[in-house]
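Let me begin by presenting the structure, written as structure tokens, before commenting on it.
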Amino acid sequence: MAFPSLAALLRPSQIFAVRGGVHPEPGKHLTAEAEVLDMPVPPLVRVPLQQHSGAMAEPLVRRDDIVLKGQLIGQARGAMSANIHAPTSGRVIAVGHFTAPHPSNLPIPTITIRSDGEDRWGPRLPRLRPEDANPDEIAAQIERAGIVGLGGAAFPAAVKLNQRRKYALDLLLLNGAECEPYLTCDDRLMREHAEGLVDGAGIMARALGVSRIVIAVEANKPEAIAALRRYKHALGIALSVAVVPTQYPMGSAKHLVLAVTGKETPARARTAELGVLVYNVGTAHAVHLAVRYGEPLISRILTVSGRAIARPANVRVLIGTPVADVIAFCGGLTAEPDRVLLGGPMMGLPIQNLRVPVVKGTCGILALSAAETRASAQMPCIRCGSCVQACPCGLTPFEMNARIHAGDLDGAVKVGLMDCIACGACAYACPSSIPLVQAFDHAKGKLAETQSRKHQQEETRRLAIARQAREAAMAEAKRQAMARRKAEMAARKATEPGAAVAELPPAQAAP
Amino acid sequence: MTLHITGAGPHTHTLFTVSRTMQAVIAALTPATGFALYQFGWPAIFLFLVTLLSAWLFEVASLWVARRPIAPFARDGSALLTGWLVAMTLPPYAPWWVGVLGSGIAIVIGKHLFGGLGQNLFNPAMVARAMLVIALPVQMTTWVVPPGLLNGPDLWQGLAITFAGAQEYDAISSASTLSQIQSQLGAGASMAEIAPTLPDLRARLIGLMPGSLGETSTLLILLGGLGLMAMRIISPVIPLSVLGALAVLSGISAALAPGRFAPPMLHLTSGSVMLCAFFIATDYVTSPVTAAGKMVYGIGIGALIFVIRSFGAFPEGVAFAVLLMNACTPLIETYVRPRIFGRTRSGKPLPAPGSPPRGKP
Ligand code: SF4
Ligand code: SF4
Chain P
141 MAFPSLAALL RPSQIFAVRG GVHPEPGKHL TAEAEVLDMP VPPLVRVPLQ
191 QHSGAMAEPL VRRDDIVLKG QLIGQARGAM SANIHAPTSG RVIAVGHFTA
241 PHPSNLPIPT ITIRSDGEDR WGPRLPRLRP EDANPDEIAA QIERAGIVGL
291 GGAAFPAAVK LNQRRKYALD LLLLNGAECE PYLTCDDRLM REHAEGLVDG
341 AGIMARALGV SRIVIAVEAN KPEAIAALRR YKHALGIALS VAVVPTQYPM
391 GSAKHLVLAV TGKETPARAR TAELGVLVYN VGTAHAVHLA VRYGEPLISR
441 ILTVSGRAIA RPANVRVLIG TPVADVIAFC GGLTAEPDRV LLGGPMMGLP
491 IQNLRVPVVK GTCGILALSA AETRASAQMP CIRCGSCVQA CPCGLTPFEM
541 NARIHAGDLD GAVKVGLMDC IACGACAYAC PSSIPLVQAF DHAKGKLAET
591 QSRKHQQEET RRLAIARQAR EAAMAEAKRQ AMARRKAEMA ARKATEPGAA
641 VAELPPAQAA P
Chain A
92 MTLHITGAGP HTHTLFTVSR TMQAVIAALT PATGFALYQF GWPAIFLFLV
142 TLLSAWLFEV ASLWVARRPI APFARDGSAL LTGWLVAMTL PPYAPWWVGV
192 LGSGIAIVIG KHLFGGLGQN LFNPAMVARA MLVIALPVQM TTWVVPPGLL
242 NGPDLWQGLA ITFAGAQEYD AISSASTLSQ IQSQLGAGAS MAEIAPTLPD
292 LRARLIGLMP GSLGETSTLL ILLGGLGLMA MRIISPVIPL SVLGALAVLS
342 GISAALAPGR FAPPMLHLTS GSVMLCAFFI ATDYVTSPVT AAGKMVYGIG
392 IGALIFVIRS FGAFPEGVAF AVLLMNACTP LIETYVRPRI FGRTRSGKPL
442 PAPGSPPRGK P
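The following block contains the structure:
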């Protein structure tokens with residue numbers, strides 16, 4: 141049982157209350173003291189071309205190509221995409237499809253590399269001295285390195301950086317809350333790599349042109365807080381640490397901004413409109429590596445934990461390493477797990493196939509025993525209100541759920557379905573074990589589908605109307621042109637005889 | 092290896108399932124119940140057991156008739172809790188069939204006719220209580236002074252009282268505090284004259300006065316309620332607003348017309364107000380879910396209790412007050428909603444403060 145932090149009580153001026161939230165069993169003790177281990181290069185890596193939100197990257201290699209570590213093998217496509225690099229040296233043995241690290245189990249385009257075991261670096265990216273570089277150069281470097289948000293959402297970091305052009309930003313907020321239970325990889329990163337992380341923060345702050353950096357850390361990580369508090373500046377930009385209460389979902393960007401600045405992001409808006417940009421601490425460290433050392437994003441730290449794992453640990457693994465290999469590195473499974481998840485227990489995704497690869501957004505691999513998932517039979521809603529109390533967004537989950545089950549999607553939207561961030565606090569707190577988030581996901585999917593269908597229909601209709609209008613306009617223009625020409629000719633004819641009259645001086649013309 | 096497929100998270104859950112919640116509420120009721128059973132002796136114990144057992148049987152029967160799965164619901168403890176609450180509102184020496192009737196009304200009419208767990212509009216125990224008070228005015232208002240388990244009727248006399256309607260054990264029958272006040276006020280006496288004839292504050296707090304099982308020990312009920320709050324099973328909003336509204340209204344009227352109205356302390360420590368505030372009004376199913384809604388609801392109940400007690404035909408108004416506010420719950424929920432993150436109370440997005448987009452003044 142986690143108690144709200146005392147630290148928050150002692151400094152009320154710094155902390156703005158966030159409504160709702162839950163305090164799930166932290167489970168962090170399993171790995172909090174486990175120093176990050178480097179996992180050896182696996183025999184096979186599978187690198188999906190879609191590891192980020194946005195468009196899939198375009199493969200640059202073919203079967204039997206020899207690749208070097210850090211070589212660009214997937215080219216970002218379009219404005220919203222990210223580069224993909226070879227995590228190790230070896231031979232490409234397939235450019236095809238492989239099961240996605242996602243509960244859908246759908247195959248997605250994936251490059252499979254058999255490593256040669258030498259882990260030979262190819263040419264790295266050109267290094268950059270951030271002190272001398274201008275914001276565009278830094279952004280370009282981040283884009284080249286294929287960096288995406290490492291907190292889980294995997295939003296391309298450079299694309300987010302571009303918001304500097306649109307909004308007047310004044311604060312870079314680094315998210316070190318790590319509010320998901322079990323996960324300690326950010327905690328370890330902050331403890332072990334505080335310097336690089338702070339440097340990365342400085343580089344990003346420079347690119348954004350902000351005047352302040354705040355790193356927000358939940359109060360349950362005193363060592364990380366102490367490690368970061370040693371830094372007051374990053375690249376000359378003022379830096380401070382904000383201790384936020386231990387409460388799920390403190391790591392939601394908008395809620396973190398509220399807790400740290402006291403400003404509430406309007407619905408449907410971005411935090412950038414308040415002048416704040418939020419990045420995960422891991423992302424900052426990746427930026428540091430990319431800019432200072434020219435290393436693209438080809439590995440990440442993740443937490444391997446849960447009671448079904450023999451030796452829970454924090455591990456630095458290459459992107460593309462199969463989940464099964466990572467579990468084996470941690471001693472394998474001790475018991476049949478109830479569920480294997482990618483990510484934390486609150487928002488993580490269950491997987492069935494353990495051969496799926498680790499991707500850039502994978503912050504943890506959890507093998508949870510039945511005692512940890514506490515799955516119990518679903519009961520009817522007893523209107524206890526636990527979900528309402530737990531919701532950080534002020535929604536009424538039981539009501540949305542009832543409306544969705546009654547087929548009234550519009551009704552669910554009316555009571556706020558679209559403001560739901562799918563954090564799962566409601567379903568965690570529900571004594572009847574109602575799969576609320578599942579219902580919301582389903583409804584959102586349905587709505588998106590009808591939306592796109594409607595959009596498509598409208599688009600077709602709009603195009604048809606536009607074409608008609610265009611044709612009508614052309615016909616009209618032709619007709620008018622003809623009419624004009626006719627009128628001109630008529631006018632010329634009419635004016636020619638009268639021209640002589642008109643040329644007469646008025647005095648003469650008068651009788 | 093096969094893993095079972097579950098899409099969306101979360102993949103862990105709170106320990107407080109429905110049955111655990113019900114168990115906690117029952118545990119919180121246990122001290123007060125135990126003491127009251129001890130006070131009233133064997134007949135009360137028999138009536139209590141009969142009521143609980145019949146509630147559970149009615150639950151199973153209703154589930155069977157409705158063709159719903161029996162096992163999970165029969166074990167969730169909610170029927171037991173309903174039966175328990177019904178038993179706590181009965182006169183302890185009432186015959187067995189009153190208990191059975193009460194459970195039957197609560198479970199079948201109050202709960203399953205509405206669709207079972209979570210669907211009922213009205214609090215089942217209060218539906219039973221209200222119907223019984225109207226249908227059986229004699230049985231429902233025959234109170235005895237608690238004799239104590241050892242001094243009261245013995246086991247056999249107890250069986251006779253509960254199951255054979257025996258009258259030979261002459262319990263000192265007596266009116267409850269509230270009916271005493273009402274009848275004497277009605278007869279023209281003033282509060283100052285009535286007060287000395289009532290059980291004193293100590294008796295009312297500990298539970299040494301006539302009344303139903305749940306109306307006697309104010310202190311133990313309060314304790315159980317505080318326990319529930321500590322476990323975060325109930326929020327303090329409803330109890331505080333029920334008790335607060337009752338205290339404020341009775342305080343004001345007692346100050347204005349001391350002869351005509353009972354003082355707040357008397358209101359708070361007599362009848363089933365405590366039971367109502369902590370265990371009945373807080374019933375999840377029939378109360379609003381939001382904090383603000385709970386406040387409106389609680390204040391409504393407190394105010395109605397005061398009005399019914401002071402001006403109504405019945406000496407006790409808890410059941411009717413709760414039922415009336417139950418009926419208002421959907422309305423309250425429609426109008427009292429939490430504010431959505433990033434939106435104003437009316438649902439519009441908050442105005443974007445501070446930093447305007449670049450390029451605009
Ligand atoms: S927490 Fe579950 S049972 Fe309680 S009101 Fe919400 S949906 Fe219903
Ligand atoms: S999942 Fe949605 S409804 Fe549930 S608590 Fe989170 S924001 Fe609220």
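Protein chains in written order, with my numbering: chain P, 141 to 651; chain A, 92 to 452. Note that beta-carbon positions come from the ideal geometry of N, C-alpha and C, so glycine has one too. These numbers come from a predicted model, not from an experiment.
Worksheet item: Cβ of A/A283 less than 8 Å from any chain P Cβ?
Response: no
Worksheet item: What residues of chain A sit near P/A546, judged by a beta carbon separation below 7 Å?
Response: Chain A residues near P/A546: none, gap ~13 Å exceeds 7 Å.
Practice prompt. To the nearest angstrom, report how far apart A/D167 and A/G433 are at their CA atoms.
Written response: 38 Å
Practice prompt. Sort P/A382, P/M558, P/T239, P/E611 by Cα distance to P/L312 and report the nearest one.
Written response: P/A382
Discussion item. Below 7 Å, is the gap between the Cβ of P/C319 and the nearest heavy atom of ligand 2?
Written reply: It does not: the Cβ of P/C319 is nowhere closer than 7 Å to a heavy atom of ligand 2.
Worksheet item: Which runs of the alpha helix (DSSP H), 4 residues or longer, sit entirely within the region 541–595 of chain P?
Response: 549–554, 565–569
Worksheet item: Using a threshold of 7 Å, is the CB atom of P/F580 nearer than that to any non-hydrogen atom of ligand 2?
Response: yes
Worksheet item: What distance in whole Å lies between the Cβ atoms of P/L375 and P/I343, which are believed to be in contact at a cut-off of 8 Å?
Response: Confirmed, Cβ separation roughly 7 Å.
Worksheet item: Does the distance from the CB of P/T386 to the CB of P/V397 come in under 8 Å?
Response: no
Worksheet item: Is P/R569 near ligand 1, judged by its Cβ being under 7 Å from some heavy atom?
Response: In the sequence as presented, Arg is not what sits at residue 569 of chain P; that position holds Ala. Result yes, Cβ under 7 Å from ligand 1.
Discussion item. Between P/L481 and chain A, is any beta-carbon pair separated by less than 8 Å?
Written reply: yes
Item to complete: Taking only beta-carbon positions, decide if P/A407 is within less than 8 Å of chain A.
Response: yes
Fill in: Min CB distance P/F538 to chain A below 8 Å
Interface residue, yes.
Fill in: Contact with chain P by A/V339, beta-carbon distance below 8 Å
no
Discussion item. Assuming P/P571 and P/C524 are in contact, meaning their beta carbons sit under 8 Å apart, how far apart are those beta carbons, in whole angstroms?
Written reply: 6 Å
Worksheet entry | Cβ neighbours of P/V201 in the same chain (closer than 7 Å, five flanking residues each side left out) | V207, I213, V232, V235, I251
Practice prompt. Taking only beta-carbon positions, decide if A/L208 is within less than 8 Å of chain P.
Written response: yes
Worksheet item: To which residues does DSSP link P/S445 through a beta bridge?
Response: P/L506
Worksheet item: The beta strand (DSSP E) with P/R186 in it runs from where to where?
Response: For P/R186, the uninterrupted beta strand (DSSP E) segment begins and ends at 184–188.
Worksheet item: Expressed to the nearest angstrom, what Euclidean distance is found between the alpha-carbon atoms of P/H428 and P/C319?
Response: 24 Å
Item to complete: Could you pull out every unbroken beta strand (DSSP E) segment of at least 3 residues lying fully inside the region 453–500 of chain P, listed in chain order?
Response: Contiguous beta strand (DSSP E) elements confined to the region 453–500 of chain P occur at 453–458, 479–482, 489–491, taking only those with 3 or more residues.
Worksheet item: Are there three or more Cβ pairs, one per stretch, closer than 8 Å when the region 291–301 of chain A is compared with the region 376–392 of chain A?
Response: no
Worksheet item: Does the distance from the C-beta atom of P/V671 to that of P/G316 stay below 8 Å?
Response: In the structure displayed, chain P extends from 141 to 651; residue 671 of chain P sits before or after that span and is not available.
Fill in: Three-state class that DSSP yields for A/V236 in the structure shown
A/V236 carries a coil assignment under DSSP once its states are collapsed to helix, strand and coil.
Worksheet entry | Amino acids of chain A, ordered along the chain, whose beta-carbon sits closer than 8 Å to that of P/C325 | Chain A residues near P/C325: none, gap ~18 Å exceeds 8 Å.
Discussion item. Since A/G243 and A/G132 should fall inside the 8 Å C-beta cutoff, what is the C-beta to C-beta distance between them, to a whole number of angstroms?
Written reply: 3 Å
Discussion item. Taking 8 Å as the limit between beta carbons, can you name the residues of its chain near P/Q518, skipping five residues before and five after?
Written reply: In chain order, S572, S573, I574, P575 place their CB closer than 8 Å to the CB of P/Q518, counting only its own chain and leaving out the 5 sequence neighbours on each side.
Item to complete: Give the residues from the region 408–437 of chain P that approach chain A closer than 7 Å (Cβ to any Cβ), ordered along the chain.
Response: R408, A409, E413, L414, G415
Worksheet entry | Three-way DSSP call (helix, strand, coil) for P/A430 in this model | Correct three-state label for P/A430: helix.
Item to complete: Going by CA-CA distance only, name the one from P/S380, P/A297, P/A347, P/I365 that's closest to P/D327.
Response: Here the closest residue by C-alpha is P/I365.
Worksheet item: P/Q215 lies in the beta strand (DSSP E); which residues open and close that run?
Response: 212–215
Worksheet entry | Residue burial classification, P/N360 (beta-carbon count within 10 angstroms, cutoff 16) | It counts as buried.
Worksheet item: Along chain A, which residues have their Cβ under 8 Å away from the Cβ of P/G488?
Response: In chain order: G100, H102.
Item to complete: In angstroms with no decimal places, state the Cα-to-Cα distance between A/L172 and A/M300.
Response: Between A/L172 and A/M300, the C-alpha separation is close to 25 Å.
Fill in: Pairwise C-alpha distance: P/R601 and P/M629
Taking the straight line joining both Cα atoms gives about 41 Å.
Discussion item. Counting C-beta neighbours from all protein chains within 10 Å, is the total for P/M141 16 or more, i.e. buried, or is it exposed?
Written reply: Any answer about P/M141 is weak, because its pLDDT of 35 lies below 50 and its placement is not dependable; what the coordinates show is given next. Burial call: exposed.
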